[in-house]
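Engineer:
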Amino acid sequence: MAMYYYIYWDISPTIIDLGILPIRWYGLLFTMGMIISYWIVQKQFKKARWSDDSFEMLTLYVLPGILLGMRLGHFLFYEPNAFLEYPLEVLLPFRFTPELQFTGYQGLASHGGAIGIFLALWLFSRKHPAISMWFVLDQLALVTPLAGAFIRLGNLFNSEMIGYPTTLPWAFVFPSIDLLPRHPAQLYEAICYLGIFLGLFFWQSRLRTSPAGQLFCLLLVLLFSARFVIEFFKVNQMAFEDQLVLNMGQFLSLPFIVLGVALYHYRKRQSMPAS
Numbered sequence: 025m026a027m028y029y030y031i032y033w034d035i036s037p038t039i040i041d042l043g044i045l046p047i048r049w050y051g052l053l054f055t056m057g058m059i060i061s062y063w064i065v066q067k068q069f070k071k072a073r074w075s076d077d078s079f080e081m082l083t084l085y086v087l088p089g090i091l092l093g094m095r096l097g098h099f100l101f102y103e104p105n106a107f108l109e110y111p112l113e114v115l116l117p118f119r120f121t122p123e124l125q126f127t128g129y130q131g132l133a134s135h136g137g138a139i140g141i142f143l144a145l146w147l148f149s150r151k152h153p154a155i156s157m158w159f160v161l162d163q164l165a166l167v168t169p170l171a172g173a174f175i176r177l178g179n180l181f182n183s184e185m186i187g188y189p190t191t192l193p194w195a196f197v198f199p200s201i202d203l204l205p206r207h208p209a210q211l212y213e214a215i216c217y218l219g220i221f222l223g224l225f226f227w228q229s230r231l232r233t234s235p236a237g238q239l240f241c242l243l244l245v246l247l248f249s250a251r252f253v254i255e256f257f258k259v260n261q262m263a264f265e266d267q268l269v270l271n272m273g274q275f276l277s278l279p280f281i282v283l284g285v286a287l288y289h290y291r292k293r294q295s296m297p298a299s
């Protein structure tokens with residue numbers, strides 16, 4: 025297969041190498057996604073006349089919940105032995121063997137991040153019972169796919185989460201992996217997530233009277249359905265997944281899809297006037 029028919033992706037994942045603390049595209053894009061999402065949610069909360077103190081307090085719960093959930097979720101779902109073999113490397117962005125090396129947080133699971141958000145909001149609601157968690161979930165749902173699109177672009181720069189070989193004209197060749205043209209699964213997912221963000225933004229702007237919580241329910245169904253389908257184009261992350269009917273990402277997506285459908289109908293019934 026002639027490589028010049030395909031996109032030859034030989035971009036270094038490192039922007040600037042500062043020795044022990046290199047600056048990478050993944051970290052930059054991850055941070056950009058978080059900052060833009062923070063700005064959008066802040067604007068939404070100001071429209072709802074939330075106090076700045078309440079919003080900042082929510083951020084102190086949600087941000088650690090996302091990061092810890094994504095990090096711990098990866099090792100829980102994909103590398104559970106790491107908790108016993110190298111526990112410090114699970115929590116810290118360094119590799120200690122064979123020498124000290126800054127790695128960043130390589131290994132973040134979106135499903136773990138979702139669980140982390142739920143736990144963070146549960147803790148937040150215990151101290152702030154007057155604040156509607158359905159409203160909070162809707163605002164976070166709006167920006168979640170946008171942040172996810174930035175993260176998947178970061179995966180593209182890392183030449184990770186690659187797709188299966190293909191002869192399609194838009195195939196990518198990742199020379200750091202091999203010389204086979206492959207599905208740019210990271211790009212597929214980023215485009216899907218951006219489309220979901222735009223769709224939810226349109227939904228929210230046009231249907232202002234929809235019951236609180238429905239935007240969140242739609243996010244669960246759309247985002248994890250997209251993830252489920254795109255996993256068919258991805259190479260499995262771990263060898264044990266090759267023995268499964270579906271891979272781990274697909275198994276973990278199914279409960280979120282079911283939860284989204286169930287909660288959507290639950291919120292819809294709650295909003296219907298009693299006969």
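Start counting the sequence shown at 25; every next residue gets the next number (our numbering).
Yeah, the Cβ is synthetic: ideal placement off N, Cα and C, and Gly gets one too.
This structure is a prediction, so every number in the text was calculated from the model and none was measured.
Have a look at Leu211 and Leu177 and give me their C-alpha separation to the nearest angstrom.
Structural biologist: Computed Cα separation, rounded: 7 Å.
Engineer: Classify Thr304 as helix, strand or coil using the three-state DSSP reduction.
Structural biologist: No statement about residue 304 is possible, as the shown extent of the chain runs from 25 to 299 and does not include it.
Engineer: Whose CA, out of Leu91, Leu242, Thr168 and Leu204, lies closest to the CA of Trp33?
Structural biologist: Closest option to Trp33, Cα to Cα, is Leu204.
Engineer: Is there a Cβ of chain C sitting closer than 8 Å to that of Glu184, yes or no?
Structural biologist: No chain C is part of this structure, which consists of one protein chain only.
Engineer: Can you tell me where the beta strand (DSSP E) with Ile39 in it begins and where it stops?
Structural biologist: Unbroken beta strand (DSSP E) run through Ile39: Thr38 to Ile40.
Engineer: Under the rule that 16 or more other beta-carbon atoms within 10 Å means buried, what is Ile47, buried or exposed?
Structural biologist: Flag for Ile47 reads exposed.
Engineer: Please classify Gln294 as buried or exposed, where buried requires at least 16 neighbouring CB atoms within 10 angstroms.
Structural biologist: Under this definition Gln294 is an exposed residue.
Engineer: Whole-angstrom Cβ separation of Leu276 and His98, contact assumed at under 8 Å?
Structural biologist: Wrong, their Cβ atoms sit about 11 Å apart, outside the cutoff.
Engineer: Looking only at C-alpha atoms, which of Phe252, Gln267, Met185 and Gly219 sits nearest to Leu166?
Structural biologist: The option with the nearest alpha carbon to Leu166 is Gly219.
Engineer: On the criterion of 16 or more Cβ atoms from any shown chain inside 10 Å, does Ala286 qualify as buried, or is it exposed?
Structural biologist: Looking at its Cβ environment, which holds fewer than 16 other Cβ atoms inside 10 Å, Ala286 is exposed.
Engineer: I'd like to know whether the C-beta atoms of Pro13 and Leu247 end up nearer to each other than 8 Å.
Structural biologist: The displayed coordinates of the chain run from 25 to 299. Any statement about residue 13 would go beyond what the structure contains.
Engineer: Which residue from Leu92, Val65, Pro88 and Ile90 puts its Cα closest to that of Phe79?
Structural biologist: Considering only alpha carbons, the answer is Val65.
Engineer: Give, in chain order, every unbroken run of the alpha helix (DSSP H) that is at least 4 residues long and sits entirely within the region 224 to 270.
Structural biologist: Here the runs fully enclosed are 238 to 254.
Engineer: By the DSSP assignment, the alpha helix (DSSP H) with Gly131 in it spans what residues?
Structural biologist: That residue, Gly131, is in no alpha helix (DSSP H); it is neither H nor E in DSSP.
Engineer: Less than 7 Å between C-beta atoms, sequence neighbours within five positions excluded: which residues of the same chain meet that for Ile201?
Structural biologist: Excluding positions up to five away in sequence, the list reads Ser183 and Ile186.
Engineer: Apart from the five residues just before and just after Asp76, which ones in its own chain have a Cβ nearer than 7 Å to its Cβ?
Structural biologist: Counting only Cβ-Cβ distances below 7 Å, and skipping sequence neighbours, we find nothing.
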